[in-house]
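Heads up, the sequence shown is in UniProt numbering, so the first residue is 1 and it goes up one at a time. Here a beta-carbon is modelled for each residue, glycine too, at the ideal position from N, C-alpha and C. All values reported here derive from a predicted model rather than from experimental measurement. Encoded as structure tokens, the structure appears first; notes follow it.
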Amino acid sequence: MNTNTSFKVAALLAATAVVSNANEGPCDIYARAKTPCVAAHSLTRALYSSYSGNLYQVRRADGQTKDIPVEEPGGFVKSSVQDDFCAGSKCTISIIYDQSSYKNDLKKSPPVYWLKEGAKEADANRAPIYISGRKAYGFYRDAWSATGYRNNNTKGVATGDEEESMYMVVDGRHYNDLCCFNYGNAETTGNDDGPGTMECIYFGSDKDWGGPGQGNGPWVAADLEDGVFKGNDAGWQWGKTHTTPWPNALSIEADYVTAMLKGPNDGTFKLKGGSAQKGKLNTMWDGPRKRGYSPRKLQGAIVLGNGGDGSDGGAGTFFEGVMTIGNPPDSVDDLVQANIVAAGYGSKIDISKKVEIEPFKDTLTIPGKIEVENYDKGGNGRGLLDSDIENENNLYREDNAGLDSAGDAIIYGWGYANDWLRYTIKVSKNDSLDITARVSSPSDSTFFSILVDDKDIAKIMVPNTGDWKNFETVTTTVPAITAGDHILKIRIDKPYFNLDWIEFTATKEKTALPQFSQRTNLSQAYSVYDVLGNRVTSFQASESSMQNIWDKARVNLPGGIYVIKTNSKTIRISNTK
């Protein structure tokens, strides 16, 4: 079993003057907002819908170079070219091409203040990832590795106090607290030329240069020279005496991160950040610059991986980044973030391939039984989510989500946490429902959720049945589902278990059970034993709903005396038919 990757494709298309179109890139969005890209660097994908050129170049140990292209215009990297070229040899990243018309390509940094001999090219194979089902690579740098990229002779990049904005997508788990893993506008001189002579987006857990944010980091900050700013003050050793966390500088816990800096010419700046896999960006700072930092004195070089003077302590991994001329509205930031999320960073599934979603056979009716193997058509990421699809067989159907056999039954048994199956259903009546599931597991504390229209309606605890082939039924009750068409999902929360079917039945009139002196609405697991001490079934319920659940469970049991046990109570009852 390998670790699973969870992901969610978000469509964050707010009603704005700038509207997102299919198959476009971030720089198409910025262009329509009249804040065009003046730098567009990516090792993973095209940042324009029409871009069909090369993303970067690698250099083999024998000195030969190879350009690494996109698969198709507007598409993802064709990393197999790198793999074939570099097989059996070491490769470094020699050029990161600028996809914009300004051709502000990045090569290893020339000599600057803290890199007297210039920089080294980074290992091209150090940071393999997946993006929308494709293998790709990033620019990975260790602290003090003397790697970094720079262009001191750019075109179109903001200078003086011109407005600009920028973002980068980075590895959210690779960072440190040193200065400075940056991308953005730096000094052409390669020196520290004082406040406001650079404007770069920073990602890491620095405190010395700018003080702490909320939590333990990492944080998004702005390197504006002589300080890593999470707000309107910073400077060398500033964090030693200023220990109160910046209130809006949130730690970002994510595998992949979008970090954004906006630089208007009104004496303010704005920081945003969040997961590159889901959701919108949070605003970390929106306010004035430190006194002496406005108006800016930008020089228009582009730096990646280092400080403006070549400071070499930062660590991080870069995948893509953009710089604009002009400062776009926040609505455009939302569209760009949605575009990044939709790219599928970290996903082994090709979420760019559109397949129609439809019922596998017929729309399933509720009340009724759902055989787990009859999930919707549409493939991985649409009719199902399987984070390890490469290891599956073609039992029962070609788009196998992890199906297996148990006797005469087809069961679902190879799912990972956050994997799911989707079903198109039609609910006939607006009734409270009992849900019964046939399950098996030799493990403790496994469970899954039932969702209707992406809202959780039930959590099903799977008992330890002692063996993968020893199935039991568990039952719980849920409120009424509105009559009509819905989408139902079964989502694995904690593996590992087998699931055969789930059945929805209308809640019936209940038999009386002993009354508890105090009742709780907390859900708990109940196990039912016969008079010989054999466990015959299990169910999940709160004490207030237990009578409903027991009335459903007892239908499948012969008449007799049964004992129901929880962690805190034992109930002895007669089951009359």
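Query: Among T566, T482 and G292, which residue has its Cα nearest to the Cα of S523?; Result: T566
Query: Which term fits G156, buried or exposed, when burial requires 16 or more other beta carbons within 10 angstroms of its beta carbon?; Result: buried
Query: Can F319 and L304 be called in contact, C-beta distance under 8 Å?; Result: no
Query: Looking at C-alpha atoms only, which residue of K66, S205, D551 and G215 is the closest neighbour of A87?; Result: K66
Query: When you compare each of L224, E225, L261 and D286 to P247 by their alpha carbons, which one comes out closest?; Result: D286
Query: Once DSSP output is grouped into helix, strand and coil, what is the label at M461?; Result: strand
Query: Which residue comes first and which comes last in the beta strand (DSSP E) that contains P26?; Result: Segment P26 to R32 is the alpha helix (DSSP H) holding P26; no beta strand (DSSP E) there.
Query: Are the region 291 to 309 and the region 138 to 156 touching, with three or more C-beta to C-beta distances below 8 Å?; Result: yes
Query: Should L43 and Y137 be called a contact, given that it needs their Cβ atoms to be closer than 8 Å?; Result: yes
Query: With C-beta atoms as the reference, is I549 less than 8 Å away from I490?; Result: no
Query: Less than 8 Å separating the beta-carbons of T424 and D376?; Result: yes
Query: Mind reading off the beta-carbon distance from Y202 to A234? Whole number of angstroms is fine, and I expect it under 8 Å.; Result: No, Y202 and A234 are not in contact; Cβ-Cβ is about 11 Å, not under 8 Å.
Query: Checking the sheet assignment: what are the DSSP bridge partners for F139?; Result: F318
Query: Hey, quick one: how far does the beta strand (DSSP E) through L335 stretch, first residue to last?; Result: From DSSP, L335 is part of no beta strand (DSSP E) but of the alpha helix (DSSP H) over D330 to A343.
Query: Let me know the secondary structure DSSP gives A406 once reduced to three states.; Result: strand
Query: How about A343 and S132: do their beta carbons lie closer than 8 Å?; Result: yes
Query: Are the CB atoms of N185 and G314 nearer to each other than 8 Å?; Result: no
Query: How many Å lie between W256 and R173 at the Cα?; Result: In the sequence as presented, Trp is not what sits at residue 256; that position holds Tyr. Taking the straight line from one Cα to the other gives about 8 Å.
Query: Exposed or buried, Y396, counting other C-beta atoms within 10 Å across all chains shown (16 or more means buried)?; Result: exposed
Query: Using a threshold of 8 Å, state whether the C-beta atoms of V372 and W501 are closer than that.; Result: yes
Query: Would you mind listing the beta strand (DSSP E) stretches within the region 228 to 300 that are 3+ residues and don't spill past its ends, in chain order?; Result: 256 to 263, 268 to 275 and 282 to 288
Query: Looking only at DSSP bridge pairs, what is G383 linked to?; Result: Answer is none; G383 lacks a bridge partner.
Query: Three-state secondary structure (DSSP) at K361?; Result: coil
Query: Can you tell me whether R291 is buried or exposed? The criterion is at least 16 other CB atoms within 10 Å of its CB, across all chains shown.; Result: exposed
Query: Taking 6 Å as the limit between beta carbons, can you name the residues of its chain near G213, skipping five residues before and five after?; Result: W219, K230, P245, W246 and A249
Query: Is the beta carbon of F76 sitting closer than 8 Å to the one on R45?; Result: yes
Query: Within 10 Å of its beta-carbon, does P73 have 16 or more other beta-carbons around it, so buried, or fewer, so exposed?; Result: exposed
Query: Does DSSP put D493 in a helix, a strand or coil?; Result: strand
Query: Can T92 and D123 be called in contact, C-beta distance under 8 Å?; Result: yes
Query: What are the partner residues of F504, as DSSP defines its beta bridges?; Result: G368 and I435
Query: Can you tell me which residues form a DSSP beta bridge with W219?; Result: G204
Query: Using the Cα positions of K34 and K270, report the straight-line distance between them to the nearest angstrom.; Result: 19 Å
Query: With 16 as the cutoff for other CB atoms within 10 Å, does Y562 come out buried or exposed?; Result: buried
Query: In this structure, how does DSSP classify D551 when only helix, strand and coil are distinguished?; Result: helix
Query: Which whole-angstrom value is the C-beta distance of Y183 and M198, which I expect to be below 8 Å?; Result: Y183 to M198, Cβ: 11 Å. No contact.
Query: For G196, I'd like the list of residues in its chain whose CB is within less than 8 Å of its CB, leaving aside the five on either flank, ordered along the chain.; Result: L224, E225, R289, G292, Y293, S294, P295, R296, K297 and L298
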